[in-house]
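Protein chains in written order, with full-length UniProt numbering: chain A, 1 to 341; chain B, 1 to 341.
A quick write-up on the structure given underneath.
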DNA sequence: TTTAAAATCGAAAACGTTTTCGAAAAGACC
DNA sequence: GGTCTTTTCGAAAACGTTTTCGATTTTAAA
């Protein structure tokens, strides 16, 4: 170990630690001559400042925390990528925690991050989360939080999102314009805002185009880790409502499950039933037929979230007033085989 | 902010910070009575210890660093999962860095982690890395390192790996036993140990079964982020060596590229050419035909790596002699459609 | 009651920096 | 040479803990 510290440089040079510290940090009240000597000595002694001591003194850790529901999803992987890249660029390290879609875990992890004195935290809510006091508490304690993707509208903080309702609206409108008439929706569970908004988009698109909304055509897929849900509900809907001609799925994963079932059951996609996904996972180009879907800019989302967070950290540090922003990233339809006859 | 500190509790109770600290940490030289008073006051004042101060004093951060080449790959996502879960269970936080397969970045990031005083680091080498002094340097400075998956044999530290050569040998042997005679190999680039070992396994399996190794049947796929490489080389091999009847691919991603090309070109899999992947990515069950592959236990690998690392951290802390272990995780063949006629 | 042992507490040093403030030295000016 | 300004440096406090060691008080033993 034997790390060299300021005092080692100081005694090697016969000067004080104060002078060494100032020389290294570029203070102007140190002569060019001694500054040069200090820098050289620091170099040869291979000095590396002890970040922990610096953190204690300066009261900042140059570290941000990230809480995401899961990493296995391709979408969150790309968000993570964006986060890591931007954080590194701005000189921050990132601590990652995974809530596994559990509210209790999410709460505990947020407390952990605050205890670790991270300068700010980025989070995407778990599916269970419908109480936001832990987040408000964090903000109240001056740890800035920015929410991304799975957010809560009622929390007053910066956010970066897509317009789920609009994206869903666009998707369903696209299907209607393509001539599909009886469009089902495989939705997510009832708590997450995404799930609600995509459902609303679906419903509004139908109504806006004179198609009556039928709650019997809405199936719930609340398992996020597997495509079984899509598979099973596809099976179910084809016995209960065999005359549908399209399904708008909340997620590519669900859509993949649907297509898998259709392929096995000999149901032609899109000839008999078209399938529309959501997120543009890598997988969606792999399956046959290739999946039409909504592109959700994960990488960009990670970038923006970090940017917003660090800006806010700076504002707090400089005692500037903080203003919360909501960035809405554009989505677009990626048309592939699963919807074009 | 207004965090409550030890001194706040102390002055509220009219006692010293020493006593407060000891009471909270369960020292036996504090009376039951005052301990109770302290604990209660700490509770009501919502005391949270300042980790940075604790870190400085105790000289440990309860944080480990992880450097991986990329997160987008499904395999690394599951390793990450295993890491996060085990680290949380053992009370450690994890800082993640991504080298993007660049040696220089990997080196810089390792230095960063050491400067941040992480208690240890987990890493999987970049494809470019063929100099290991940065790792040896870290170990010399008493920051334990454990390597996983993409390792360097010449570095003296704990490792958790699969036996790439054996897994590849098994895969090719499987193909031979299935009756395939002219088996090509799409290998990775020349530096990474994985790539080398899988190639060696391929070669040895051929030789062990009396099939002459032909270097013309080996194609290099060194792009890890896309399946284009597999796609293009598949196209190439079918003009240069149209009589092959199987391909052993270094990665599921490459295999997917091959199958995509075959599907488009009307080449039947596995009837004309069988395809064998490696890693058992989620994707491999999505493509049609479903891909036969080697299951690589990523989650378990993450678990074990963290376990090894924390054990070593403890050994160093307690001044016990450290012993380096190499854990070899079992792989197995997952037979699916792409190799069974 | 005296003495020894046990129980309970606190002063102070330490971890390695950063930064304020004052002191000393050097230079400028008359 | 004396005064004033500028340059250059260092002592010391501070960040919030942990832990050693000694001091004081209480209890037990005789």
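We put the beta carbon where it would ideally sit given N, CA and C, even for glycine.
DSSP, reduced to helix, strand and coil, places residue 98 of chain A within a strand of the structure shown. For residue 117 of chain A, the neighbours in chain B by C-beta distance under 9 Å run, in chain order, 50, 51, 52. Apart from the 5 residues on each side of it in sequence, residue 305 of chain B sits with its Cβ closer than 6 Å to the Cβ of 122, 146, 148, 160 in its chain, given in chain order.
Beta-bridge partners of residue 327 of chain B (DSSP): B/160. Contact annotation: residue 216 of chain A and residue 241 of chain A have beta-carbon atoms nearer than 8 Å. Comparing alpha carbon positions, the residue from A/190, A/174, A/175, A/156 closest to residue 128 of chain A is A/190. For the pair of segments examined, the region 290-299 of chain A was found to touch the region 269-282 of chain A: the number of CB pairs separated by less than 8 Å reaches three. Every beta strand (DSSP E) of 3 residues or more that sits fully in the region 232-264 of chain A is shown, in chain order, as 246-249.
Note: residue 45 of chain B is not bridge-paired with any residue in the DSSP secondary-structure output. Cβ-Cβ distances below 7 Å link residue 30 of chain B to 19, 22, 23 in the same chain, with the five nearest sequence neighbours on each side left out; the list follows chain order. Apart from sequence neighbours up to five positions away, the residues of its chain that approach residue 203 of chain B with a beta-carbon distance below 6 Å are 213, ordered along the chain. Distances from the CA of residue 234 of chain B to each of B/247, B/84, B/330 were compared; the closest alpha carbon is that of B/247. Residue 301 of chain A: member of the alpha helix (DSSP H) spanning 298-317, first to last residue.
Residue 69 of chain A has its alpha-carbon roughly 24 Å from the corresponding atom of residue 258 of chain A.
Nearest CB-CB separation between residue 251 of chain A and chain B: not below the 8 Å threshold.
Here the C-alpha atom of residue 169 of chain B lies approximately 13 Å from the C-alpha atom of residue 277 of chain B. Taking a contact to require three or more Cβ pairs closer than 8 Å, the region 104-124 of chain A and the region 32-51 of chain A do not qualify as touching. At a cut-off of 8 Å, the C-beta of residue 269 of chain A has no neighbouring C-beta in chain B. In the DSSP annotation of this structure, the continuous segment of the alpha helix (DSSP H) that includes residue 9 of chain A starts and ends at 6-13. Here residue 303 of chain A is buried, its C-beta having at least 16 other C-beta atoms within 10 Å.
Looking at the backbone, the Cα of residue 99 of chain A and that of residue 313 of chain A are separated by about 24 Å. Using a 10 angstroms sphere on the CB of residue 193 of chain A, the tally of other CB atoms reaches 16 or more, which defines it as buried.
CA-CA distance, residue 152 of chain A to residue 249 of chain B, rounds to 45 Å.
Going by DSSP, residue 332 of chain B is part of the beta strand (DSSP E) stretching over 332-334. Here residue 117 of chain B carries a coil assignment [DSSP, helix/strand/coil].
Of the other Cβ atoms in all chains shown, 16 or more fall within 10 Å of the Cβ of residue 55 of chain A; this residue is therefore buried. Where residue 19 of chain B is concerned, the enclosing alpha helix (DSSP H) starts and stops at 17-25. Just measuring C-alpha positions, the residue of A/158, A/43, A/103 sitting nearest residue 327 of chain A is A/158.
Within chain A, the C-beta atoms nearer than 8 Å to that of residue 263 of chain B come from 288, in chain order. Counting other Cβ atoms within 10 Å of its Cβ, residue 318 of chain A stays below 16 and is therefore classed as exposed.
Linking residue 105 of chain B to residue 131 of chain B through their CA atoms gives a straight-line distance of about 13 Å. Residue burial annotation: residue 231 of chain A is buried, with at least 16 other C-beta atoms found within 10 angstroms of its C-beta.
Around the Cβ of residue 298 of chain B, a 10 Å sphere holds 16 or more other Cβ atoms; the residue is buried. Taking a 10 Å sphere around the C-beta of residue 209 of chain A, we find fewer than 16 other C-beta atoms and assign the residue as exposed. Here residue 307 of chain B really is in contact with residue 86 of chain B; their C-beta atoms are around 6 Å apart, less than 8 Å.
Take residue 155 of chain A, set aside five residues on each side of it, and the residues of its chain with a beta-carbon closer than 7 Å to its own are 132, 135, 136, 147, in chain order.
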